[in-house]
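Taking it in order: structure first as structure tokens, then the write-up.
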Amino acid sequence: MASQGRAAVAAKGTKKAPPELTAEKLQEIYYKMSLARLAQERIWLIHRAGKLPYCISGDGQEAAQVGSVYALRVMEDYFFPYYRDIAAVLALGMTVKELMLTQFAKAEDPNSRGRNIATSWSYRRLNIFTHGSPVATQILHAAGAAYAAKMRKEDKVTIVYFGDGAASEGDFHEGLNFAGIHKLPVIFFCENNGYAISVPLKKQSAIENIGDKGPSYGMPGVVIDGLDVLKVYEATKAAADRARKGEGPTLIEAKVPRFHAHSSDDDDTTYRDPKELEEMKKKDPVTQFRAYLEKKGLWDTTREEEMMKAIDREVEEAIDYAEKAPFLPVEELYSWVYYSER
Amino acid sequence: MASQGRAAVAAKGTKKAPPELTAEKLQEIYYKMSLARLAQERIWLIHRAGKLPYCISGDGQEAAQVGSVYALRVMEDYFFPYYRDIAAVLALGMTVKELMLTQFAKAEDPNSRGRNIATSWSYRRLNIFTHGSPVATQILHAAGAAYAAKMRKEDKVTIVYFGDGAASEGDFHEGLNFAGIHKLPVIFFCENNGYAISVPLKKQSAIENIGDKGPSYGMPGVVIDGLDVLKVYEATKAAADRARKGEGPTLIEAKVPRFHAHSSDDDDTTYRDPKELEEMKKKDPVTQFRAYLEKKGLWDTTREEEMMKAIDREVEEAIDYAEKAPFLPVEELYSWVYYSER
Amino acid sequence: MATKTINNIQAVREALYEEMQRDERVIVLGEDVGWRGGVFLATQGLVGEFGEERVIDTPLAESSIVGVAIGAALNGLRPVAEIQFADFIYPAVEQIISEASKICYRTYGDWNVPLVVRTPWGGGIHGAFYHSQSVEGMFAHVPGLKVVAPSTPYDIKGLLISSIRDPDPVIFLEHKKTYRLIKGEVPEGEYTLPIGPADVKRQGDHITVIAYGLMMHYSLEAAETVSQEGISVEVIDLKTIVPLDKETVLNSVKKTGKVLVVYEDNKTLGFGAEISAIIAEEAFDYLDGPIMRVTGPDVPAMPYCTPLEDAFMPSPEKIVEALRKLAAY
Amino acid sequence: MATKTINNIQAVREALYEEMQRDERVIVLGEDVGWRGGVFLATQGLVGEFGEERVIDTPLAESSIVGVAIGAALNGLRPVAEIQFADFIYPAVEQIISEASKICYRTYGDWNVPLVVRTPWGGGIHGAFYHSQSVEGMFAHVPGLKVVAPSTPYDIKGLLISSIRDPDPVIFLEHKKTYRLIKGEVPEGEYTLPIGPADVKRQGDHITVIAYGLMMHYSLEAAETVSQEGISVEVIDLKTIVPLDKETVLNSVKKTGKVLVVYEDNKTLGFGAEISAIIAEEAFDYLDGPIMRVTGPDVPAMPYCTPLEDAFMPSPEKIVEALRKLAAY
Ligand SMILES: Cc1ncc(C[n+]2csc(CCOP(=O)(O)OP(=O)(O)O)c2C)c(N)n1
Ligand SMILES: Cc1ncc(C[n+]2csc(CCOP(=O)(O)OP(=O)(O)O)c2C)c(N)n1
Ligand SMILES: [Mg+2]
Ligand SMILES: [Mg+2]
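Protein chains in written order, with the numbering used here: chain S, 839 to 1180; chain Z, 839 to 1180; chain G, 3 to 331; chain L, 3 to 331.
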């Protein structure tokens, strides 16, 4: 699937799962995708209910996020998710409760203790590196982290996530350039949802595939269907293997839909046809994967109902907990301007 | 020679000159190259004599600079030369006297009236846009100037020059990206002399040709032998024609040698083998073009001697004049912070 | 003259619309400024009226937004670049500081850069680290730029039009919390206001308060509060930060003898530090008390959660407290 | 203890060499820092000793120099990034201001950025617009950063080692005119100096001068000159700009009652503006005269031609003149 030089869009149709993806693993992947989906829908609801000042979600992008995480080694490899990666961080081990604490900006939020806006990830124990809001800056951090890993001769891969718009920033260019020169063990994972807020890809790039920008930096560019969790898994696995073998970085572009407006501050009816969204929703990555599992005899309606009930409960409890949890006390305005040993 | 998609190194061997390059034009080109060469050698000498605090030159790059200028319309098209483009600005009509006034930082210097460091070009009458020192910033200005030209439906091409190191900056990426999206009438002309001060190209880029980065931005990348003034002319002409026809931008990479240290502040023996330089000097673009003209019966030793005598006199007089010319008066420290009508 | 009541965002929109209509060299460029109309709707309707060539949805790349605008300005256009949030202006800082601010000076006026960089700034809107910042200090420090930060519809519209017509690069700062909060009258027809002069928005005898942006409004509130205690406060709205109207500031200080500088930016080297320094150097003999400051704290950013955001923001109450202290001095 | 005499550039080189030897997590990266040894030879010899993996000739791209260094710092290394000239730090400003300075605060200390950004600054060396600038003001304004600007070999070596060992991002400013001009003694063995404390480099009773960098040396010269006229000047060398040693500054002002702040940066919002503002707010009652400033002018850059460059630079003579005025006040 990965093509050296020119990138190629992967062929359509669901493939056989690789052997290391056992039935349990496949079900787990589906569980994480479903959990992320429900959590995100719920976040929009509580925002609309006036309980959150702001929200943003990555629904539609679950296959890309969960598929790539499962191709890597959780708590060992280095992860740089971006603000849309709710499914990715859940796959990495953040709990729904923690996710909701972030949404409500409460003191127990493991990301920033409620100090930064929701989905500004940071979870040291899970090797989730710190993410702010400025687009594309994390691409350079990932190159630096991979440089450190390579220097220490670690068998560790760094992966960094970003959107299609981020590929327009100078930092994208500089990060891929640096990684290409030093053949760093890093995966640049672009979740191309076709828009940077309202700006469509054709106004971000003269060429159709972000993946095709890989060869400029001496690295393969891989363009994949981000709706297909197994294809995402496979492409990421191949890139990780390459990285571990010392063959250098890979640029992966997963084509994904964005099921909501950019964020709660956006109104996407001003720039995209609701029909476009309707069409997209017919190819939902979560239901697609469910169909795959059912066809393989690994899933059925009973399991689905049970799982959804459990997820529902988990999400409700998390929201409830987070809503009631305390904020940081006001004196904390002044803490951690500088670092000191804990 | 221009290759859509993947760039290709042009075949070796001097080609026939295109018909519009009459004997006189060819001799004029040779004159400008020779003038630039001698002026630059003399600048190094006066620097060594302690008369200049600093100097920088583009000797070795004359064919790339003069060949490209002659493919365009002087005083009509828009030019963004960079600090190494002494031959280019002479080809564009800056006089040697003006060049020397710049070197000596005198009040009559048309570029900055001696306020900015030598070779920070600006000559409004010649459509030479303002250039500072920060590498690559001018690439974006050129895209903007081309946007204005396109909006006004002018039959004008913008050309911007920069080094191989400049291609590492974010501004290179952003400038080519913008130009590619809007199919702007602009030529990105990279003079690849193999070094950014001491850093060799392999530490700037994982791939050998800067030109090969064109396709990422939906534009052809053309890689040419920058020693051959006619090849440079031809490639630039093709790119200009493309631009005038509304087909968009072109990235041209001219492979050139750098005959001196980066600047007078540099010591290149610390990072490049003197033998490398010796080898390069055997393929001098000026002597190469002289040989071509002689083979065509357009030049001979008598003409050469006459021309060199004239050039020598012109350069000496210019230096003499510039050395004696006055500086800006001290009150001018405060002038032109803001603009006002003259 | 006939007037109408609009809010700050409408003032921005009207200025852009009218100038685009008047002068075809005016273009607008930035992220989401096209069909989306900008994330705050400052450019709403422009692309429909003037077309995609003059209202450019740029790639997500701030250095190119400003760099391309500089090139277009050098070549005869009058670009108005939008940086979506002031907090994201940093990638464009090289183009603003190294290029735009220095081009006129370095070419002895042969080239100039008629460019406006508009950007929403300021906090108190649950924007957290990266949607709350103040950047006037960074740019006020750079000679060659003009920095404008008006805070009423009348001032915004008149000054934005002047900024677009100005031959030099102008950083035009719009406090985002005031966009819909602040309403006011503007004349029906065309008008401009000069870049430079400050306004005495409230006259008083005991203390001079110097502010701009949201803090100007908070200062007026605070002045009103303490007036009931017999403290008479003069409130100066700088409107233009650079070039600074030193005369209005110093004249007021010479009258009152006491000064409070209010700004939302973090304290250290916020723009008010320069105001204090000027007064301490040029009006020392007139001072009857320390030059006090009410400012944001010296922490790296405005926190998201409500209690910490509230604690960060200067408020009318904090200003009142400082005024009382000064009055009692 | 045994000592030796070295100049400022040697002090930088020794600090880098010794720290790289002591701690294999220390890496150096920047343009031309490898075989060229840096354009001022600050890193000369390092690549030969420690190899290309730890001494990285980066691509010509400042955002990546700092951004990669931040990532490496987050992942356990101790990067020392060189920006070739302070004037070219702007492309890296987003990484420094938006990322490095805010990471500890935004993660509540879960992540920290042990990064040093070294860069040569200052003028008076025929460097013109883009090889002469002062940038301490820009970074001193940003909470979360530390800003260090020592100007003697002893201070430079001790503070650079401390900066490398510091858990937070440090902007380490080396005045390029002092590189070979200023010599002094340093101990033979390892030593460090704490980030923070200022030095009283000369004791005096009538006027306090506050400076750093080349201006500190010029201030000492000027103090010596006026001492022959009976004017006794105390010269404070800040050494560390942030966190500022307010105590030393205020104590001196309380003693002398008169203050001259000297800096090379342009006047408006140069770092000295904050010093003036602090003194005007916190030591007003002790002041016997205006807080004066001798600074660079508010023009966009330092000109190249000698007469204009000389006119731009503050000099011992200009400082003497201000001291006389203050003394007579
Ligand atoms: C440097 C910077 N500029 C602007 C913004 C405002 N902004 C936030 S997200 C966004 C669009 C990002 O688009 P893309 O990279 O495609 O990611 P997506 O949100 O579509 O997943 C913009 C413009 C920002 N956060 N940072
Ligand atoms: C932004 C910026 N960073 C660093 C420098 C210092 N510098 C001046 S020229 C140069 C090397 C440029 O190399 P290249 O682009 O290949 O052009 P060349 O000089 O070889 O023609 C460097 C690093 C600069 N001028 N601007
Ligand atoms: Mg997107
Ligand atoms: Mg080069």
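Don't be surprised by glycine CBs; every beta carbon is placed ideally from N, CA and C.
Residue i Cβ short of 6 Å to ligand 1 heavy atom set
i          : result
Leu-62/G   : yes
Asn-1031/S : yes
Phe-314/G  : no
Phe-90/G   : yes
Ile-1035/S : yes
Arg-922/S  : yes
Residue i beta carbon near ligand 3 (any heavy atom closer than 6 Å)
i          : result
Ala-1099/S : no
Residues bridged to residue i (per DSSP)
i          : result
Phe-1026/S : Val-998/S and Leu-1089/S
Met-315/G  : Paired residue(s): none; Met-315/G is not in a bridge.
Leu-937/S  : According to DSSP, which records beta bridges pairwise, Leu-937/S is partnered with nothing at all.
Closer than 6 Å: residue i CB and nearest ligand 2 heavy atom
i          : result
Pro-972/Z  : yes
Gly-1001/Z : yes
Arg-326/L  : no
Gln-86/L   : yes
Arg-963/Z  : no
Contact check, residue i vs residue j, beta carbons under 7 Å
i         : j          : result
Tyr-107/L : Gly-146/L  : yes
Val-322/L : Val-237/L  : no
Arg-953/S : Pro-305/G  : yes
Gln-910/Z : Ala-1078/Z : Here residue 910/Z turns out to be Leu, not Gln, going by the sequence shown. Yes, these two residues count as a Cβ contact at 7 Å.
Leu-265/G : Thr-297/G  : The residue you asked about is not Leu; residue 265/G is Tyr in the sequence shown. In this structure, Thr-297/G lies closer than 7 Å to Tyr-265/G by Cβ.
Ala-151/L : Tyr-92/L   : no
Ser-234/G : Gly-206/G  : yes
Residue i in three-state terms, based on DSSP
i          : result
Ile-29/G   : strand
Phe-1016/S : helix
Val-1037/S : strand
Ala-83/L   : strand
Phe-942/Z  : coil
Gly-47/L   : coil
Phe-131/L  : helix
Tyr-1177/S : coil
Phe-917/S  : strand
His-979/S  : helix
Ile-209/G  : strand
Leu-930/S  : helix
Ala-845/Z  : Per-residue confidence for Ala-845/Z stands at a pLDDT of 35, beneath the threshold of 50, marking its modelled position as unreliable; no derived number is given.
Ile-11/L   : helix
Pro-857/Z  : coil
Gly-298/L  : strand
Pro-948/Z  : coil
Residue i beta carbon near ligand 5 (any heavy atom closer than 6 Å)
i          : result
Asp-1104/Z : Ligand 5 is absent from the structure shown, which contains only ligand 1, ligand 2, ligand 3 and ligand 4.
Residue i Cβ short of 6 Å to ligand 4 heavy atom set
i          : result
Ala-1092/Z : no
Original post:
Do the segment 858–873 of chain Z and the segment 1094–1111 of chain Z meet, that is, are 3 or more Cβ pairs less than 8 Å apart?
Top reply: The segment 858–873 of chain Z makes no contact with the segment 1094–1111 of chain Z; the number of CB pairs closer than 8 Å stays below 3.
**OP:** Would you be able to state if there are at least three C-beta pairs under 8 Å between the segment 170–182 of chain L and the segment 110–124 of chain L?
**Re:** As far as the Cβ criterion goes, the segment 110–124 of chain L touches the segment 170–182 of chain L, which means the pair count is three or higher.
Original post:
Touching or not, the segment 899–918 of chain Z and the segment 984–998 of chain Z, by the rule of three or more beta carbon pairs under 8 Å?
Top reply: In short, these stretches touch, since the Cβ pair count reaches three.
Original post:
Three or more C-beta pairs closer than 8 Å, one from the segment 65–84 of chain L and one from the segment 979–988 of chain S: is that the case here?
Top reply: Segments in contact, yes.
Original post:
Can we say the segment 284–295 of chain L touches the segment 211–228 of chain L, given the rule of at least three CB pairs closer than 8 Å?
Top reply: Flag = no, the segment 284–295 of chain L and the segment 211–228 of chain L do not touch.
Original post:
Does the count of Cβ pairs from the segment 1055–1063 of chain Z and the segment 960–976 of chain Z closer than 8 Å reach three?
Top reply: Too few Cβ pairs lie closer than 8 Å, so no.
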